[in-house]
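Heads up, the thing below is written out as structure tokens.
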Amino acid sequence: MTAVIEAHGLTKQYGKTKALDGLDLIAQRGQVTAVLGPNGAGKTTFVRMVATLLRADAGTLLVAGHDAHRNPAAVRRVIGLAGQFAAVEPAMTGRENLEMIARLFGQSRRAAKASAAAVLDQLSLTEAGDRLARTYSGGMRRRLDLGASLVGAPRLLLLDEPTTGLDPRSRIELWDAIRALVERGTDVLLTTQYLDEADHLASQIVIIDHGRAVAAGTPAQLKQRIGGNVIEVHVRDSRDLETIAELLGRLGEGVAQTDQATRRVSVRVDSTGDRQMTALQSLHATGVELDDIAMRQPNLDEVFLTLTGQPTDHDATGARAA
Amino acid sequence: MTTIASTLDPGLASATRRQTGLAKSTLTVARRSLLRYVRTPQLIVLSTVQMSLFFLIYRYMFGGAIHIPGISYVDYLVPGFIATGVLFTGMGTAAAMAEDLEQGFVDRLRSLPIPRAAVLTARATADTAFLAWSTAFTAAVAFAVGFTLHGSAIDALAAFGLVIVFGFAFEWLFITMGMFAGNAQAAQGMGMIVFPLVFISSAYVPVSTMPGWLQAFANHQPMTYMVDAVRSLTLGSHAHALLGHPSSYYITRALIWTLAILAISLPLAVAKYRRS
Numbered sequence: 003m004t005a006v007i008e009a010h011g012l013t014k015q016y017g018k019t020k021a022l023d024g025l026d027l028i029a030q031r032g033q034v035t036a037v038l039g040p041n042g043a044g045k046t047t048f049v050r051m052v053a054t055l056l057r058a059d060a061g062t063l064l065v066a067g068h069d070a071h072r073n074p075a076a077v078r079r080v081i082g083l084a085g086q087f088a089a090v091e092p093a094m095t096g097r098e099n100l101e102m103i104a105r106l107f108g109q110s111r112r113a114a115k116a117s118a119a120a121v122l123d124q125l126s127l128t129e130a131g132d133r134l135a136r137t138y139s140g141g142m143r144r145r146l147d148l149g150a151s152l153v154g155a156p157r158l159l160l161l162d163e164p165t166t167g168l169d170p171r172s173r174i175e176l177w178d179a180i181r182a183l184v185e186r187g188t189d190v191l192l193t194t195q196y197l198d199e200a201d202h203l204a205s206q207i208v209i210i211d212h213g214r215a216v217a218a219g220t221p222a223q224l225k226q227r228i229g230g231n232v233i234e235v236h237v238r239d240s241r242d243l244e245t246i247a248e249l250l251g252r253l254g255e256g257v258a259q260t261d262q263a264t265r266r267v268s269v270r271v272d273s274t275g276d277r278q279m280t281a282l283q284s285l286h287a288t289g290v291e292l293d294d295i296a297m298r299q300p301n302l303d304e305v306f307l308t309l310t311g312q313p314t315d316h317d318a319t320g321a322r323a324a
Numbered sequence: 004m005t006t007i008a009s010t011l012d013p014g015l016a017s018a019t020r021r022q023t024g025l026a027k028s029t030l031t032v033a034r035r036s037l038l039r040y041v042r043t044p045q046l047i048v049l050s051t052v053q054m055s056l057f058f059l060i061y062r063y064m065f066g067g068a069i070h071i072p073g074i075s076y077v078d079y080l081v082p083g084f085i086a087t088g089v090l091f092t093g094m095g096t097a098a099a100m101a102e103d104l105e106q107g108f109v110d111r112l113r114s115l116p117i118p119r120a121a122v123l124t125a126r127a128t129a130d131t132a133f134l135a136w137s138t139a140f141t142a143a144v145a146f147a148v149g150f151t152l153h154g155s156a157i158d159a160l161a162a163f164g165l166v167i168v169f170g171f172a173f174e175w176l177f178i179t180m181g182m183f184a185g186n187a188q189a190a191q192g193m194g195m196i197v198f199p200l201v202f203i204s205s206a207y208v209p210v211s212t213m214p215g216w217l218q219a220f221a222n223h224q225p226m227t228y229m230v231d232a233v234r235s236l237t238l239g240s241h242a243h244a245l246l247g248h249p250s251s252y253y254i255t256r257a258l259i260w261t262l263a264i265l266a267i268s269l270p271l272a273v274a275k276y277r278r279s
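Just so you know, the protein sequences line up as chains A and B, in that order.
All you need for this note's numbering is the position in the first sequence, starting with 1, plus 2.
All you need for this note's numbering is the position in the second sequence, starting with 1, plus 3.
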């Protein structure tokens, strides 16, 4: 078994805040590993360590077999990084941006031209390749940024929240691009706050919170632990919340969660259709006036609630991005 | 394992194994900064118009009221205006450095197999080149409104060279400032420290016309030596009478200051860069 990333007991402290608190994480070769967690969980800190931009206070970190601490130069030769911002030069064309990075990877002028052209093609940017990057849409800029991390033909691609701030269509386009890379065999480590993103892209998910890994497994394994879907009911009159919560509590698994402010009640149900139909019929039978009923995948908060027994406390501070 | 390298140039994968040299990395990254200047006309037009406007205000409005014994005010003003111009270019450097850090560009470069110092040397190189351009442009405007060289052409070239050398040293101070500021607005704010250096100097008016306590600062700060060094080369035979010492006096002192600024800012920039 070969791991592309092996982290043991990584610790990083900023003042009194522990960004990483003994993080253990193993990412296998030949797959996409997603690091999932709320804002402030330590995802970016971890990616920056793998990218040799940051040193751990304690712990060990091997990237493609190289010690990130002792031999960062070797690590830099095998990674490609796309950070949270699209770090492309707006006053250069897409092609020039890629050629610049390729040149910095030590490629000759001719080789840099060839690899820039190949990457543009791969990310469907050939047509826009000779336009200045400042004329690109947000999604195109992100794709170009992804391209910049690819042009050096990395063995390990690091993507830090690659789709944050993108509209749904650009998000799917970027997912497609990432999936195509994976098919070609590039190892990927990506961080995300979105469960569906991790689900779509990753074969291995590590959930982290407060700088520690709280769960790890394949999407299927984690879903099994979390349970199938969530029924969310939006009542018209907040006085009915209690009735609905009591009913959903009986139908679902675990305790129904009530949100007074938005007049919503939600509960997990397993994914068989029967249970869901029963729930709908019972809700109808109560005669309570409902604004909306939705069936959806659990969100990150619900995952945390299940795994740790407590919601992400980051919500309370309003620190989480929508 | 197949990587995307297999679809590209076959020689490419092996090319990525070694580190790219400092000179090549510096030039590659510096080219990007210069392209940004060239392709963002607002940047150049705005700074050029602003600079010319200030220059013309001094030349034609205040200039009439300022009398310099033995020479015309425009000949006194131009060396001061050009030498202190390095500080205004430097404010742009601090903002650009902060912006590159803020927007992840520095992170991207630091994750590449290039010497880490290349980020800094590229910024210093690009902005010194930009300074050379803007200094030449200011000189052209100066000649158009009546500036004359009283010394030789070689002296004039030496004066130009000195300005670039001063500018290069200050670049490192501003790069450091940009890193400490963390964002472009804060860097602009910190850049305000250039105002006392520019105005409490011999650049616009003789120091002898200032109150005593200001003279104490003006006479000993680096800008005054730098301005007078440039002036001593452009004023020719008038220089000695006006300034009181021969050229070499000002040039050596200005260069000592230049070295001192470099000796402090360069290690500071590198240390800050390593830790950020």
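Note that beta-carbon positions come from the ideal geometry of N, C-alpha and C, so glycine has one too.
Note that the structure is predicted; figures quoted are calculated from it, not measured.
Chain-ordered chain A contacts of residue i [CB-CB under 7 Å]
i: Arg113 of chain B; result: Leu55
i: Arg35 of chain B; result: Glu91, Met94, Met102
i: Arg62 of chain B; result: The contacting residues do not exist; Arg62 of chain B stays about 33 Å from chain A at best.
Neighbour-count burial assignment, residue i, 16 or more Cβ in a 10 Å radius
i: Ser139 of chain A; result: exposed
i: Gln106 of chain B; result: buried
i: Arg277 of chain B; result: exposed
i: Ser151 of chain A; result: buried
i: Thr1 of chain A; result: Outside the shown range of chain A, which is 3 to 324, sits residue 1 of chain A, and nothing can be said about it.
i: Tyr63 of chain B; result: exposed
i: Thr4 of chain A; result: exposed
i: Ala217 of chain A; result: buried
i: Thr165 of chain A; result: buried
i: Phe240 of chain B; result: The sequence given here has Ser at residue 240 of chain B, not Phe. So Ser240 of chain B ends up on the exposed side.
i: Ile196 of chain B; result: exposed
i: Tyr228 of chain B; result: buried
i: Glu248 of chain A; result: exposed
i: Pro249 of chain B; result: exposed
i: Lys45 of chain A; result: buried
Residues bridged to residue i (per DSSP)
i: His68 of chain A; result: A:Val65
i: Gly82 of chain A; result: A:Leu159
i: Ile254 of chain B; result: Partner(s): none; Ile254 of chain B has no beta bridge.
i: Arg266 of chain A; result: A:His236, A:Asp261
i: Thr194 of chain A; result: A:Leu38
i: Lys14 of chain A; result: A:Leu22
i: Val271 of chain A; result: A:Asn231
i: Glu8 of chain A; result: A:Ile28, A:Leu64
i: Thr95 of chain A; result: A:Leu134
Residue i: contacting residues in chain A (beta-carbon distance under 8 Å)
i: Asp78 of chain B; result: The premise fails here: Asp78 of chain B is roughly 38 Å from chain A at the closest Cβ pair, so nothing lies under 8 Å.
i: Ser28 of chain B; result: Leu106
Coarse secondary structure for residue i, derived from DSSP in three states
i: Val166 of chain B; result: helix
i: Met297 of chain A; result: strand
i: Asp23 of chain A; result: strand
i: Val211 of chain A; result: In the sequence as presented, Val is not what sits at residue 211 of chain A; that position holds Asp. Asp211 of chain A falls in the strand class under three-state DSSP.
i: Val153 of chain A; result: coil
i: Gln224 of chain B; result: coil
i: Ile259 of chain B; result: helix
i: Ala58 of chain A; result: coil
i: Leu249 of chain A; result: helix
i: Gln281 of chain B; result: The question about residue 281 of chain B has no answer, for chain B in this structure spans 4 to 279.
i: Glu175 of chain A; result: helix
i: Ala88 of chain A; result: coil
i: Gln206 of chain A; result: strand
i: Val208 of chain B; result: coil
Interface flag, residue i vs chain A, CB-CB below 8 Å
i: Pro116 of chain B; result: yes
i: Gln22 of chain B; result: yes
i: Thr43 of chain B; result: yes
i: Leu56 of chain B; result: no
i: Thr31 of chain B; result: yes
Proximal chain B residues relative to residue i, where beta-carbon distance stays under 8 Å
i: Ala89 of chain A; result: Gln106, Gly107, Phe108, Asp110, Arg111
i: Gln86 of chain A; result: Gly107
i: Ala75 of chain A; result: Gln22, Pro116
Proximal chain A residues relative to residue i, where beta-carbon distance stays under 9 Å
i: Arg39 of chain B; result: Glu91, Pro92, Ala93, Met94
Beta carbon proximity, residue i to chain B, threshold 8 Å
i: Ile81 of chain A; result: yes
i: Arg78 of chain A; result: yes
Contacts of residue i in chain B (Cβ-Cβ under 9 Å)
i: Leu134 of chain A; result: Arg42
i: Ala150 of chain A; result: Arg111
The ligand GDP heavy atom lying under 7 Å from the CB of residue i
i: Met297 of chain A; result: The ligand GDP is absent from the structure shown, which contains no ligands of any kind.
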